[in-house]
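Heads up: the protein sequence lines correspond to chains P and W, in order.
Letter 42 of the first sequence, counting from 1, is numbered 42 in the UniProt record's numbering, and no numbers are missing.
Letter 22 of the second sequence, counting from 1, is numbered 22 in the UniProt record's numbering, and no numbers are missing.
Backbone N, C-alpha and C fix where the C-beta goes; we use that ideal spot for every residue, glycine too.
Here the structure comes first, spelled out in structure tokens, and everything after it is commentary.
2 protein chains.
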Amino acid sequence: MGDSDVSDRHPPLRAPLGPRDRGPDPRTLRTRAAVAEAATTLFLQRGYQDTGVDEIAALAKVSKRSIYNNYGDKESLFTELVLGFTSTAGEFADRLVTGLAEAADLPQALHELGRRHLRTVARPEVLRLRRLIILEAGRFPALAEEYYRSAPGRVMAALTEAFALLHARGALTAPNPRRAAEHFSYLVLGSTLDSFLFAPEADLPTPTELDRLADDGVTAFLAAYGG
Amino acid sequence: MGDSDVSDRHPPLRAPLGPRDRGPDPRTLRTRAAVAEAATTLFLQRGYQDTGVDEIAALAKVSKRSIYNNYGDKESLFTELVLGFTSTAGEFADRLVTGLAEAADLPQALHELGRRHLRTVARPEVLRLRRLIILEAGRFPALAEEYYRSAPGRVMAALTEAFALLHARGALTAPNPRRAAEHFSYLVLGSTLDSFLFAPEADLPTPTELDRLADDGVTAFLAAYGG
DNA sequence: CCTACCGATCGGTAGG
DNA sequence: CCTACCGATCGGTAGG
Chain P
1 MGDSDVSDRH
11 PPLRAPLGPR
21 DRGPDPRTLR
31 TRAAVAEAAT
41 TLFLQRGYQD
51 TGVDEIAALA
61 KVSKRSIYNN
71 YGDKESLFTE
81 LVLGFTSTAG
91 EFADRLVTGL
101 AEAADLPQAL
111 HELGRRHLRT
121 VARPEVLRLR
131 RLIILEAGRF
141 PALAEEYYRS
151 APGRVMAALT
161 EAFALLHARG
171 ALTAPNPRRA
181 AEHFSYLVLG
191 STLDSFLFAP
201 EADLPTPTEL
211 DRLADDGVTA
221 FLAAYGG
Chain W
1 MGDSDVSDRH
11 PPLRAPLGPR
21 DRGPDPRTLR
31 TRAAVAEAAT
41 TLFLQRGYQD
51 TGVDEIAALA
61 KVSKRSIYNN
71 YGDKESLFTE
81 LVLGFTSTAG
91 EFADRLVTGL
101 AEAADLPQAL
111 HELGRRHLRT
121 VARPEVLRLR
131 RLIILEAGRF
141 PALAEEYYRS
151 APGRVMAALT
161 EAFALLHARG
171 ALTAPNPRRA
181 AEHFSYLVLG
191 STLDSFLFAP
201 EADLPTPTEL
211 DRLADDGVTA
221 FLAAYGG
């Protein structure tokens, strides 16, 4: 099983497998996980600038040196964490709209989609991530663009495609399906997303209120675009 | 023309009128105006934290001491400037909806309102102010609340009132006029406000595109709520 | 005497 | 892994 020579002059900076193929050092994994959790908490709470590397180290109960060893520098740590959450959000976006164009009862399917979408987006950690990315869009423009394209953008693209099909079939009247997708999203999510940005500490709507908000948005959408 | 005694033992710290009623020292006014303009530019561009008092002083071509003499400290300077713009925005909000409930041609009046609203809100300085307040909502929660209540909140309140009247008169079907006002706002403004937060450096829609966005939003609103 | 303003520098804290 | 410390920069204030 060809162990690599310890004196190898070109070791990968972070080997995917350690010597004897034992996998990465479990201590490294523990440290990285502790740092990631602590940094996520603090970044989401206070933003990039107001979170100190010392604070992250203290909360994660690791040394500051371990953070730099595992993540390079503060910017890389931030970027790596945010990109991880962004790809999670992108996967959700793909699943959300699946099957819409084939639904037997379109109004019911849209109401369910609206409720599911708003419930997901109105979770504190999702709202805080969105807010964090907006706060740091000046410092990390590429990150903001990647998030926008992967999360809301992917939902918008999937809705656009579904609405185009439904329009062709006469189930909706949406000659501009892209615009219809935007209208659907802002009708359902608009006020919840907006309020949180201005009052991130305020109480979120209750689940009942969220369903009501989503239903009202979908009802207005169906009145405007319904077959 | 009663000159005040120069040896007066209780001079006001900053007299509204100087000796001989000549008015405030014009040098003071010039300095304050220069500081306000420079600070506004920089705060809107980089946010609170990333703007240094030294930078403001350099851009305004005054000494740092003059900033502290005129505005107390950095937080007060920021608050004073933002509150000034907030009250300006509030006055616009009041005028925007005036006369809507009495319009002879409601669809036309709503289309004009939508265009005017979006054109105003989509000005770079308005978008930047909104973004700045969101960025600093963690540090200045009272400021964010005041802005939210004075600007979007006042438009929403005025629209709600107008829609309630129009519903009573049968010109609209809006049994929940508050919700209708939210839907109107997000249909017209949603995508423009949202995109700017994630890409503050990107090009804004052209005036033609803005009118199209507004028209599409108002058309959807009328299809959903129209008499 | 006052107000406005200057050059110089303070203590404290950030990322690394 | 920790303490100590660096070069840089911040908001705020000193004397004149």
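Chain P partners of residue i, CB-CB under 8 Å?
| i | result |
| --- | --- |
| LEU197 of chain W | ILE134, ALA137 and LEU197 |
| PRO141 of chain W | ALA199 and GLU201 |
Determine, for residue i, whether the minimum Cβ-Cβ distance to residues of chain P falls below 8 Å.
| i | result |
| --- | --- |
| ASP54 of chain W | no |
| TYR148 of chain W | yes |
| ASP203 of chain W | no |
| ALA60 of chain W | no |
| GLY190 of chain W | yes |
Check whether the Cβ of residue i lies closer than 7 Å to any heavy atom of the ligand FMN, and answer yes or no.
| i | result |
| --- | --- |
| VAL218 of chain W | This structure simply doesn't include the ligand FMN, nor any ligand for that matter. |
Along chain W, which residues have their Cβ under 8 Å away from the Cβ of residue i?
| i | result |
| --- | --- |
| GLU145 of chain P | PHE198 and ALA199 |
| LEU187 of chain P | HIS183, TYR186 and LEU187 |
8 Å is my cut-off, CB to CB: does residue i come that close to chain W?
| i | result |
| --- | --- |
| GLU182 of chain P | yes |
| ALA162 of chain P | no |
| LEU100 of chain P | no |
Which chain P residues are close to residue i, counting only those with a beta carbon under 7 Å from its beta carbon?
| i | result |
| --- | --- |
| SER87 of chain W | Ordered by position in chain P, no residue passes the 7 Å Cβ test against SER87 of chain W, which lies about 17 Å from the chain. |
| ARG179 of chain W | ASP216 |
List, in order along the chain, the chain W residues whose C-beta lies closer than 7 Å to that of residue i?
| i | result |
| --- | --- |
| ALA220 of chain P | HIS183 and ALA224 |
Classify residue i as helix, strand or coil using the three-state DSSP reduction.
| i | result |
| --- | --- |
| GLY153 of chain P | helix |
| LEU172 of chain W | strand |
| TYR68 of chain P | helix |
| GLY226 of chain P | strand |
| PRO205 of chain W | coil |
| LYS61 of chain W | coil |
| THR98 of chain P | coil |
| ASP211 of chain W | helix |
| GLY114 of chain P | helix |
| THR41 of chain P | helix |
| ARG123 of chain P | coil |
| PRO200 of chain W | coil |
| GLU145 of chain W | helix |
| ARG139 of chain W | coil |
| ALA104 of chain P | coil |
To which residues of the same chain is residue i closer than 7 Å at the C-beta, ignoring the five residues directly before and after it?
| i | result |
| --- | --- |
| VAL218 of chain W | LEU110, HIS111, GLY114 and VAL188 |
| ILE56 of chain P | VAL35, ALA38, ALA39, LEU42 and ILE67 |
| THR31 of chain P | VAL62, SER66 and ASN70 |
| ALA220 of chain W | LEU187 |
| ARG139 of chain W | TYR48 |
| THR86 of chain P | GLU146, TYR147, SER150 and ALA151 |
Near residue i, which residues of its chain fall below 8 Å by C-beta distance, leaving aside the five closest residues on each side in sequence?
| i | result |
| --- | --- |
| LEU172 of chain P | LEU106, PHE163, LEU166, ALA180, TYR225, GLY226 and GLY227 |
Quick one: residues in its chain with C-beta nearer than 6 Å to the C-beta of residue i, no 5 flanking neighbours on either side, listed in chain order?
| i | result |
| --- | --- |
| LEU44 of chain W | ARG128 and LEU132 |
query = Listed in chain order, which residues of the stretch 25-54 of chain P have Cβ atoms closer than 8 Å to some Cβ of chain W?
reply = Cβ contacts with chain W come from ARG46, GLY47, GLN49 and ASP50.
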